[in-house]
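Below is one structure, written out as structure tokens; comments come after it.
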């Protein structure tokens, strides 16, 4: 039995400004009509015996659940990590959960943010590797290289296995420089390290306990006190926070005697940069990829992604342009890896653009911060039918709500009222209030905040149907 494990953590900073810390690339629709997470889940239908078990950060839980709900994709649960501890602990949590009821499924471990163009080749290769996993081998899939990439780690193959489609692993090697990568390709013995794995849950746990017992013990402690909340599986926070941070390669695969590599040729990319996305996209006759409302004149080999505005480019060659509501990136194709430095600078300057889009998604809907000043902020709020914001209050700001479309059920102190189009209400500082959409269509309203402090952490929640009230009654999750 194959149980897919989808690792949906990470921040995807190399695809800024479209990817942000609170809405990273696995939630983006970059190719086709599905997000990368949705596409990853969908491609498993031909090979998996159970819906995927998902692992994600606590702060991304509602985005993950909503992504599955929107496309009617089932899952076997969503494990929430209170902090990121890399891939070895994340996979350990999934493996321990998988064997709790005495089962021992074969785990197909996948990242949520990879592109696979030839899905039939992917599925066929996974099926071929099952027999190796059944023999307690730890299978890693090595991508047949098409160029001397310096952005990937490599796997050197060793002796061929008896089944003749897999090899013992000789070495895992770090990202090389260009000349070394060229040497690797010339030998025909190296594959790109895809970060995809196939093994029995028990086989992985046995090797983890042998080679990284501190990780095994911390994860075991974290799984002794789990709680279930709808699709969410919560672990013991303090136990997991004490877990070492390590990848599966360092913690297990480079140490075990049971690692094997199975070559895979499936049009794979980890979409690690805007140039990588340009390379796998269909291009026009001039080598351009234009997404959104774009006019290009005398331009070639250029990627333009316009999400909100008309973008015009003239006389460009080998350039990336990405436009969002609150930020624009313009870079040479050869320099796009420096985007991470932009993100680090934004973080150091305590700016919001590295973390949030102007439009922010919440379990009840979304809001768009359309204007702000020293003592005011204006938001356009959309509440899904039947959804309700938490019962809350603010210490430092008052709010004016004006309904644009739909019907709002408002709790304002001791009063409860229904507001329809063009009607409004005022929420004073310190007033306990709530907002609900009792209707069948989305509720849209304009919120004008005024006060001495307008941060999202000025929220005291007294009741919340999405489980966002902690022991102190305060959270901005």
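In the working numbering, the protein residues as written are 632 to 1108. Each residue gets a CB set at the ideal place from its N, CA and C atoms; glycine is no exception.
query, result
"Along the chain, where does the beta strand (DSSP E) that runs through residue 847 open and close?", "From DSSP, residue 847 is part of no beta strand (DSSP E) but of the alpha helix (DSSP H) over 844-853."
"Who pairs with residue 1082 in a beta bridge, going by DSSP?", "1028"
"What is the DSSP secondary structure of residue 644, reduced to helix, strand or coil?", "helix"
"Would you kindly work out how many angstroms separate the C-alpha atoms of residue 810 and residue 966, rounded to a whole number?", "19 Å"
"Which same chain residues, not among the five before or five after residue 1079, have their C-beta less than 6 Å away from its C-beta?", "1009, 1031"
"Do three or more CB pairs link the stretch 844-859 to the stretch 744-762 at distances below 8 Å?", "no"
"Apart from the five residues on each side of it in sequence, which residues of its chain come closer than 8 Å, Cβ to Cβ, to residue 1083?", "1006, 1027, 1028"
"Considering only DSSP beta bridges, list what residue 1120 is partnered with.", "Because residue 1120 is not part of the residues shown, which for the chain are 632 to 1108, the question remains open."
"Within 10 angstroms of the Cβ of residue 646, are there 16 or more other Cβ atoms? Answer buried if so, exposed if not.", "buried"
"When burial is assigned at 16 or more other CB atoms within 10 Å of the CB, is residue 1093 buried or exposed?", "exposed"
"Among residues of its own chain, excluding the 5 on either side of residue 918, which ones have a beta-carbon nearer than 6 Å to its beta-carbon?", "931, 932"
"Starting from residue 858, trace the beta strand (DSSP E) in both directions and tell me its first and last residue.", "858-860"
"Counting along the chain, where does the alpha helix (DSSP H) carrying residue 971 start and finish?", "970-979"
"Would you kindly check if the distance between the Cβ of residue 920 and the Cβ of residue 760 is under 8 Å?", "no"
"In its own chain, which residues sit with a C-beta less than 8 Å from the C-beta of residue 778, not counting the 5 before and 5 after it?", "816"
"Would you check whether the ligand SAH has a heavy atom nearer than 7 Å to the C-beta of residue 933?", "This structure does not include the ligand SAH; it has no bound ligands of any sort."
"Give a yes or no on whether the C-beta atoms belonging to residue 781 and residue 806 are separated by under 8 Å.", "yes"
"Where does residue 766 fall in DSSP's three states?", "coil"
"Straight-line CA distance for residue 1088 to residue 1023?", "12 Å"
"Would the stretch 954-974 and the stretch 667-677 be scored as touching if the rule is three or more Cβ pairs under 8 Å?", "no"
"Considering only the alpha carbon of each residue, which of 665, 1064, 943, 726 lies closest to residue 829?", "726"
"Can you give me the C-alpha to C-alpha distance between residue 842 and residue 883, rounded to a whole angstrom?", "6 Å"
"DSSP three-state call for residue 1104: helix, strand or coil?", "The predicted model places residue 1104 with a pLDDT of 41, which falls under 50 and marks its position as unreliable, so this point remains unresolved."
"Can residue 970 and residue 977 be called in contact, C-beta distance under 8 Å?", "no"
"Whose C-alpha, out of 697, 652, 889, 693, is nearest the C-alpha of residue 665?", "697"
"Report the residue from 824, 1038, 1051 whose alpha carbon sits nearest the alpha carbon of residue 741.", "824"
"Does the structure place the stretch 681-689 close enough to the stretch 702-711 that three or more beta carbon pairs sit under 8 Å?", "yes"
"Between residue 1086 and residue 1062, which are expected to be in contact by the criterion C-beta below 8 Å, what is the C-beta distance as a whole number of angstroms?", "That belief does not hold up - the Cβ atoms of residue 1086 and residue 1062 are roughly 18 Å apart, past 8 Å."
"Indicate the three-state DSSP secondary structure (helix, strand or coil) for residue 720 in the structure shown.", "helix"
"Does residue 911 come out as helix, strand or coil in the three-state DSSP assignment?", "helix"
"Does DSSP put residue 1113 in a helix, in a strand, or in coil?", "As shown, the chain starts at 632 and ends at 1108. That puts residue 1113 outside it, with no answer to give."
"Under three-state DSSP, which class holds residue 1013?", "strand"
"I need the DSSP call for residue 793, collapsed to helix, strand or coil.", "coil"
"Sorted by chain position, which residues of the same chain lie with C-beta nearer than 6 Å to residue 914's C-beta, five sequence neighbours on each side aside?", "920"
"Looking only at its own chain, which residues have a Cβ that is under 8 Å from the Cβ of residue 763, when we skip the five neighbours before and after it?", "770, 792, 794, 797, 829, 891, 893"
"Considering only C-alpha positions, which residue in the set 900, 991, 990 is nearest to residue 662?", "900"
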